[in-house]
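Engineer:
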Amino acid sequence: MNFIALDFETASPKRHSACSLALTVVRDNQIVDEMYSLIKPPTPFSPNNIKIHGITERDVANSPTFPELWPHISPFFAQDKLVVAHNASFDCSVLKKTLEFYQMPLPNFMVLDTLKTSRQLLTDLPNYKLNTVCDFLKIPLINHHNALDDSQACAKILLYQAQNFGTEQLKSLVKAY
(Lines of atoms letter the chains of each structure in order from A; the text may use other names.)
(Lines give C-alpha, C1' and ligand atoms only; values in the text may rest on other atoms or scores of the structure.)
Protein backbone atom coordinates (compact mmCIF):
# COMPACT_ATOMS: atom_id res chain seq x y z
CA MET A 2 0.00 0.00 0.00
CA ASN A 3 0.99 3.58 -0.69
CA PHE A 4 -0.56 6.40 1.33
CA ILE A 5 0.05 9.23 3.72
CA ALA A 6 -1.34 9.27 7.23
CA LEU A 7 -2.44 12.73 8.30
CA ASP A 8 -3.05 14.29 11.69
CA PHE A 9 -3.89 17.85 12.71
CA GLU A 10 -4.15 19.52 16.08
CA THR A 11 -6.14 22.75 16.39
CA ALA A 12 -5.66 25.85 18.52
CA SER A 13 -9.37 26.27 19.19
CA PRO A 14 -12.70 24.64 18.33
CA LYS A 15 -12.60 26.50 15.01
CA ARG A 16 -11.61 24.02 12.34
CA HIS A 17 -9.44 26.57 10.50
CA SER A 18 -7.18 26.94 13.56
CA ALA A 19 -4.61 24.26 12.69
CA CYS A 20 -1.62 24.59 15.03
CA SER A 21 0.25 21.40 14.13
CA LEU A 22 0.31 18.95 11.28
CA ALA A 23 2.03 15.65 10.66
CA LEU A 24 2.29 13.41 7.62
CA THR A 25 3.59 9.86 7.70
CA VAL A 26 4.49 8.58 4.24
CA VAL A 27 4.00 4.88 3.43
CA ARG A 28 5.32 3.28 0.24
CA ASP A 29 5.12 -0.42 -0.49
CA ASN A 30 3.78 -1.10 3.02
CA GLN A 31 6.75 0.61 4.72
CA ILE A 32 6.93 3.92 6.55
CA VAL A 33 9.55 5.77 4.51
CA ASP A 34 9.24 9.38 5.60
CA GLU A 35 7.50 11.71 8.00
CA MET A 36 6.94 15.41 8.34
CA TYR A 37 5.87 17.46 11.34
CA SER A 38 5.34 21.17 11.69
CA LEU A 39 3.88 23.55 14.17
CA ILE A 40 1.62 26.11 12.49
CA LYS A 41 0.88 29.67 13.53
CA PRO A 42 -2.94 29.74 13.49
CA PRO A 43 -5.09 32.79 12.67
CA THR A 44 -7.05 32.46 15.92
CA PRO A 45 -6.16 32.59 19.62
CA PHE A 46 -5.61 29.35 21.50
CA SER A 47 -8.40 27.87 23.58
CA PRO A 48 -7.45 26.60 27.07
CA ASN A 49 -9.35 23.37 26.35
CA ASN A 50 -7.32 22.70 23.23
CA ILE A 51 -4.05 23.49 25.00
CA LYS A 52 -5.05 20.99 27.68
CA ILE A 53 -5.47 18.29 24.99
CA HIS A 54 -2.24 18.74 23.02
CA GLY A 55 -0.08 21.07 25.13
CA ILE A 56 0.74 23.44 22.27
CA THR A 57 0.64 27.15 23.18
CA GLU A 58 0.87 30.46 21.35
CA ARG A 59 4.46 30.76 22.52
CA ASP A 60 5.30 27.40 20.89
CA VAL A 61 4.07 28.54 17.47
CA ALA A 62 5.28 32.15 17.59
CA ASN A 63 8.02 31.55 15.02
CA SER A 64 6.22 28.83 13.06
CA PRO A 65 4.98 29.13 9.49
CA THR A 66 1.38 30.02 8.75
CA PHE A 67 -0.63 27.47 6.81
CA PRO A 68 -0.23 29.35 3.50
CA GLU A 69 3.54 29.28 4.02
CA LEU A 70 3.47 25.53 4.72
CA TRP A 71 0.99 24.48 2.01
CA PRO A 72 3.38 24.61 -1.00
CA HIS A 73 5.59 22.04 0.74
CA ILE A 74 2.80 19.57 1.53
CA SER A 75 0.25 20.10 -1.25
CA PRO A 76 1.79 17.41 -3.53
CA PHE A 77 0.69 14.80 -0.97
CA PHE A 78 -2.92 15.77 -1.64
CA ALA A 79 -2.90 15.35 -5.41
CA GLN A 80 -5.70 13.58 -7.25
CA ASP A 81 -5.79 9.82 -6.72
CA LYS A 82 -3.44 10.02 -3.71
CA LEU A 83 -4.66 8.12 -0.66
CA VAL A 84 -4.81 10.09 2.58
CA VAL A 85 -5.48 8.15 5.77
CA ALA A 86 -6.52 9.53 9.15
CA HIS A 87 -8.07 8.24 12.35
CA ASN A 88 -11.38 10.10 12.47
CA ALA A 89 -10.76 11.45 8.98
CA SER A 90 -13.88 13.61 9.10
CA PHE A 91 -12.07 15.82 11.65
CA ASP A 92 -8.70 16.00 9.89
CA CYS A 93 -10.22 16.51 6.44
CA SER A 94 -12.52 19.22 7.77
CA VAL A 95 -9.51 20.99 9.33
CA LEU A 96 -7.76 20.88 5.95
CA LYS A 97 -10.88 22.05 4.10
CA LYS A 98 -11.77 24.85 6.53
CA THR A 99 -8.16 26.06 6.69
CA LEU A 100 -7.88 26.17 2.90
CA GLU A 101 -11.25 27.95 2.68
CA PHE A 102 -10.22 30.45 5.37
CA TYR A 103 -7.14 31.39 3.34
CA GLN A 104 -9.12 31.26 0.07
CA MET A 105 -6.95 28.51 -1.35
CA PRO A 106 -8.26 25.83 -3.72
CA LEU A 107 -9.35 22.49 -2.32
CA PRO A 108 -7.48 19.47 -3.67
CA ASN A 109 -9.07 16.21 -4.77
CA PHE A 110 -7.75 13.06 -3.16
CA MET A 111 -8.90 9.71 -1.79
CA VAL A 112 -9.60 9.26 1.95
CA LEU A 113 -9.60 6.21 4.20
CA ASP A 114 -10.59 6.48 7.86
CA THR A 115 -8.96 4.03 10.27
CA LEU A 116 -11.69 4.79 12.80
CA LYS A 117 -14.17 3.27 10.33
CA THR A 118 -11.90 0.41 9.30
CA SER A 119 -11.30 -0.41 12.96
CA ARG A 120 -15.03 -0.45 13.72
CA GLN A 121 -15.54 -2.84 10.81
CA LEU A 122 -12.57 -5.14 11.33
CA LEU A 123 -11.93 -5.15 15.08
CA THR A 124 -14.70 -6.36 17.34
CA ASP A 125 -15.51 -6.00 21.00
CA LEU A 126 -13.44 -2.92 21.76
CA PRO A 127 -14.92 -0.60 24.39
CA ASN A 128 -14.47 2.29 21.92
CA TYR A 129 -12.48 2.99 18.79
CA LYS A 130 -10.41 5.97 19.90
CA LEU A 131 -6.87 6.01 18.54
CA ASN A 132 -5.29 5.07 21.86
CA THR A 133 -7.75 2.21 22.42
CA VAL A 134 -7.11 0.71 18.98
CA CYS A 135 -3.36 1.10 19.45
CA ASP A 136 -3.49 -0.61 22.85
CA PHE A 137 -5.52 -3.49 21.37
CA LEU A 138 -3.11 -3.93 18.43
CA LYS A 139 -0.02 -3.38 20.63
CA ILE A 140 1.03 -0.37 18.54
CA PRO A 141 3.09 2.11 20.56
CA LEU A 142 1.45 5.50 20.95
CA ILE A 143 3.94 7.40 23.04
CA ASN A 144 2.47 10.90 23.05
CA HIS A 145 -1.23 10.83 22.15
CA HIS A 146 -2.34 14.15 20.60
CA ASN A 147 1.12 14.84 19.28
CA ALA A 148 0.34 15.01 15.56
CA LEU A 149 3.44 13.04 14.53
CA ASP A 150 2.87 10.22 17.02
CA ASP A 151 -0.81 10.10 16.04
CA SER A 152 -0.08 9.99 12.29
CA GLN A 153 2.51 7.23 12.78
CA ALA A 154 0.04 5.23 14.87
CA CYS A 155 -2.64 5.69 12.22
CA ALA A 156 -0.27 4.43 9.51
CA LYS A 157 0.62 1.39 11.61
CA ILE A 158 -3.07 0.62 12.23
CA LEU A 159 -3.79 0.57 8.50
CA LEU A 160 -0.69 -1.50 7.76
CA TYR A 161 -1.76 -4.01 10.43
CA GLN A 162 -5.28 -4.17 9.00
CA ALA A 163 -4.03 -4.62 5.43
CA GLN A 164 -1.68 -7.40 6.49
CA ASN A 165 -4.21 -9.24 8.68
CA PHE A 166 -7.48 -8.65 6.81
CA GLY A 167 -6.38 -7.94 3.23
CA THR A 168 -6.89 -4.82 1.19
CA GLU A 169 -10.21 -5.71 -0.47
CA GLN A 170 -12.31 -4.86 2.61
CA LEU A 171 -10.32 -1.65 3.02
CA LYS A 172 -10.84 -0.58 -0.61
CA SER A 173 -14.60 -0.58 -0.12
CA LEU A 174 -14.21 2.15 2.54
CA VAL A 175 -12.09 4.54 0.43
CA LYS A 176 -13.94 7.75 -0.41
CA ALA A 177 -13.19 10.55 -2.82
CA TYR A 178 -12.65 13.93 -1.19
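Numbering-wise (the numbering used here), the sequence shown opens with residue 2 and increments by one. Don't be surprised by glycine CBs; every beta carbon is placed ideally from N, CA and C. Treat the numbers as computed from the prediction; the structure is a model and nothing was measured.
Mind reading off the beta-carbon distance from residue 126 to residue 118? Whole number of angstroms is fine, and I expect it under 8 Å.
Structural biologist: Working through the sequence shown from its first residue, we reach residue 126 at position 125. Working through the sequence shown from its first residue, we reach residue 118 at position 117. 13 Å between Cβ atoms; not a contact.
Engineer: First and last residue of the beta strand (DSSP E) that includes residue 47?
Structural biologist: Residue 47 sits at position 46 when you count from the first residue of the sequence shown. First-last for residue 47: undefined, no H or E at that position.
Engineer: Out of 41, 5, 20 and 42, state which residue places its alpha-carbon closest to the alpha-carbon of residue 32.
Structural biologist: Locating residue 32 in the sequence shown gives position 31, where the first residue counts as 1. Ranking 41, 5, 20 and 42 by Cα distance to residue 32 puts 5 first.
Engineer: If I follow the unbroken beta strand (DSSP E) through residue 37, where does it start and stop?
Structural biologist: Mapped onto the sequence shown, residue 37 falls at position 36. 31-39 is the extent of the beta strand (DSSP E) around residue 37.
Engineer: Compare the C-alpha of residue 19 against each of 144, 41, 159 and 108 and name the closest.
Structural biologist: Walking along the sequence shown from the start, residue 19 turns up at place 18. Of the listed residues, the one whose Cα sits closest to residue 19 is 41.
Engineer: Considering residue 25, what are the terminal residues of the beta strand (DSSP E) in which it resides?
Structural biologist: Looking up residue 25 in the sequence shown gives position 24. 19-28 is the extent of the beta strand (DSSP E) around residue 25.
Engineer: What is the C-beta distance between residue 94 and residue 56, in whole angstroms, given that I count them as a contact (C-beta under 8 Å)?
Structural biologist: In the sequence shown, counting from the first residue as 1, residue 94 sits at position 93. In the sequence shown, counting from the first residue as 1, residue 56 sits at position 55. Rounded, the Cβ-Cβ distance is 19 Å, inconsistent with contact.
Engineer: How many Å lie between residue 144 and residue 109 at the Cα?
Structural biologist: Counted from its first residue, the sequence shown places residue 144 at position 143. Counted from its first residue, the sequence shown places residue 109 at position 108. Approximately 31 Å between the Cα atoms of the pair.
Engineer: For my contact list, residue 161 and residue 111 are in at a C-beta cut-off of 8 Å; report their separation, rounded to the angstrom.
Structural biologist: Stepping through the sequence shown from its first residue, residue 161 is reached at position 160. Stepping through the sequence shown from its first residue, residue 111 is reached at position 110. Not a contact, Cβ separation roughly 20 Å.
Engineer: Buried or exposed: which applies to residue 3, given that a residue is buried once 16 or more other Cβ atoms fall within 10 Å of its Cβ?
Structural biologist: As a position in the sequence shown, residue 3 is number 2, starting the count at 1. Counting Cβ neighbours within 10 Å, residue 3 comes out exposed, since fewer than 16 surround it.
Engineer: Can you tell which of 101, 37, 149 and 156 has the C-alpha that lies nearest to the C-alpha of residue 114?
Structural biologist: Walking along the sequence shown from the start, residue 114 turns up at place 113. Nearest of 101, 37, 149 and 156 to residue 114, Cα basis: 156.
Engineer: Ends of the alpha helix (DSSP H) at residue 70?
Structural biologist: In the sequence shown, counting from the first residue as 1, residue 70 sits at position 69. Looking at the DSSP string, the run of the alpha helix (DSSP H) that includes residue 70 is 67-74.
Engineer: Please name the residue in 89, 104, 85 and 90 whose C-alpha comes closest to that of residue 26.
Structural biologist: The residue given as residue 26 occupies position 25 in the sequence shown. Nearest C-alpha to residue 26: 85.
Engineer: Between which two residues does the beta strand (DSSP E) holding residue 4 run?
Structural biologist: On the sequence shown, position 3 is the one that residue 4 refers to. Element bounds for residue 4: 4-11.
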